[in-house]
Ligand SMILES: [Zn+2]
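Residue numbers (the working numbering): 3 to 422.
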């Protein structure tokens with residue numbers, strides 16, 4: 003067994019207490035074999051670790067260096083990677099109509115090569131794990147072949163009752179292909195598109211598979227005021243959309259009725275929840291579900307912002323959403339936006355919470371043994387250097403979010419990944 007010993011000026015463990023080690027060191031398994039599943043052996047102060055492991059070479063990460071767990075992007079859509087200026091923002095329905103008009107063209111442009119480039123950029127910006135929601139499985143080869151860990155969510159969508167059998171068959175075929183390719187860093191999972199777009203019977207059938215196979219489950223939920231109004235009153239801007247496109251005049255479920263379908267799922271998450279009320283959030287907590295926050299997407303599509311103070315003890319994860327509703331898949335960009343968006347929380351406290359959401363929180367939402375630098379956790383580790391020294395430990399999280407765009411070194415399951 004090979005071991006690697008890294009030392010740095012700071013180690014952010016991203017454990018639940020946000021423990022930071024000044025002048026720290028970490029030892030992890032570093033076997034360069036594709037089937038090896040390398041974990042962290044030890045972590046602590048530099049002095050302790052170096053004296054405990056005298057036979058391992060020491061690699062120092064540099065002046066003002068930081069080691070932390072690789073970032074976890076808990077929600078993205080790779081199949082929409084070709085969008086830059088095509089889709090329209092500012093109102094959810096305006097966006098949705100532009101997606102429908104341009105979908106074919108965007109999907110066609112999202113070649114394996116283009117998606118591979120985006121995955122590489124994510125690695126360069128410190129992301130070691132993504133949750134990729136796949137609508138068509140056109141991104142599967144990129145997801146399987148990338149160095150990045152992918153939790154690959156096969157998405158169920160369709161609200162027409164007479165289409166359920168066909169949609170379910172298509173879903174199962176895609177899921178089986180994903181399951182056949184399961185590996186250490188390609189983990190199949192199940193997504194429900196949303197409460198308004200998936201028939202309750204289809205949801206039931208799909209969730210039954212998730213329970214049988216113990217797969218993670220995720221759904222968009224309460225993203226916009228329009229969604230909330232449609233689900234509760236079958237009214238508002240969504241009603242024109244449903245009448246015109248699907249000849250449907252009434253919502254098939256209520257927000258609560260939708261959530262009640264998700265009992266007994268081990269790893270469950272709901273993306274957005276920007277307009278979810280207290281009752282709905284309480285129910286998500288009761289389900290032991292996580293909330294995935296996509297602040298930039300919310301600003302662009304709906305201008306609704308999740309109030310982090312309303313989440314109380316609900317696990318929080320962070321996602322970029324796809325390039326269909328973002329200008330970047332860099333999680334440090336997302337963290338910076340969140341820093342400036344949530345003005346009701348003390349700055350340093352907010353930044354710690356956000357870094358936890360992009361590591362520890364993401365791992366909990368997806369059911370992964372990652373997101374924390376601790377013994378026996380997967381050795382998914384990034385290192386980078388701040389531009390200057392940081393005097394107070396208290397300011398470190400804020401300075402990291404403000405000043406980091408790209409990283410220097412990245413290890414996934416103990417193996418160093420070439421970034422450039
Ligand atoms: Zn999404």
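From the three backbone atoms N, C-alpha and C, an ideal C-beta is built for every residue, glycine too.
Check, Outcome
"Near ligand 1: residue 323 beta-carbon under 6 angstroms from a heavy atom", "yes"
"Beta carbon of residue 200 nearer than 7 angstroms to that of residue 168", "no"
"DSSP state of residue 44 mapped onto helix, strand, coil", "strand"
"Separation of residue 69 from residue 11, as counted between CA atoms", "8 angstroms"
"C-alpha distance - residue 227 paired with residue 306, whole-angstrom precision", "8 angstroms"
"Under 7 angstroms between C-beta atoms of residue 203 and residue 166", "yes"
"Where residue 312 falls: helix, strand or coil (DSSP)", "helix"
"Cut-off 6 angstroms between Cβ atoms - residues of its own chain near residue 61, not counting five sequence neighbours on either side", "8"
"Cβ contact check for the segment 137-154 and the segment 80-95: 3 or more pairs under 8 angstroms", "yes"
"Contact set for residue 185: own chain, Cβ-Cβ below 8 angstroms, skip 5 residues either direction", "146"
"Where residue 274 falls: helix, strand or coil (DSSP)", "strand"
"Beta-bridge partners of residue 133, as assigned by DSSP", "153"
"Complete runs of the beta strand (DSSP E) confined to the segment 86-149 [at least 3 residues]", "129-136"
"Residue 56 and residue 373 closer than 7 angstroms at C-beta", "no"
"Identity of the residue in 249, 233, 95 and 214 nearest residue 164 by Cα", "249"
"Reference residue 276; option with closest CA among 379, 255, 303 and 65", "303"
"Between the CA atoms of residue 190 and residue 177 - distance to the nearest angstrom", "7 angstroms"
"First and last residue of the uninterrupted beta strand (DSSP E) at residue 382", "Premise fails: residue 382 is in no beta strand (DSSP E) and is neither H nor E."
"Buried or exposed by the 16-neighbour rule on C-beta atoms within 10 Å, applied to residue 312", "exposed"
"Limits of the unbroken alpha helix (DSSP H) element including residue 1", "The first residue shown for the chain is 3 and the last is 422, placing residue 1 beyond what the model contains."
"Three-state class that DSSP yields for residue 173 in the structure shown", "helix"
"Cβ neighbours of residue 229 in the same chain (closer than 8 angstroms, five flanking residues each side left out)", "94, 196, 197, 198, 240 and 277"
"Proximity below 7 angstroms, CB of residue 67 to CB of residue 392", "no"
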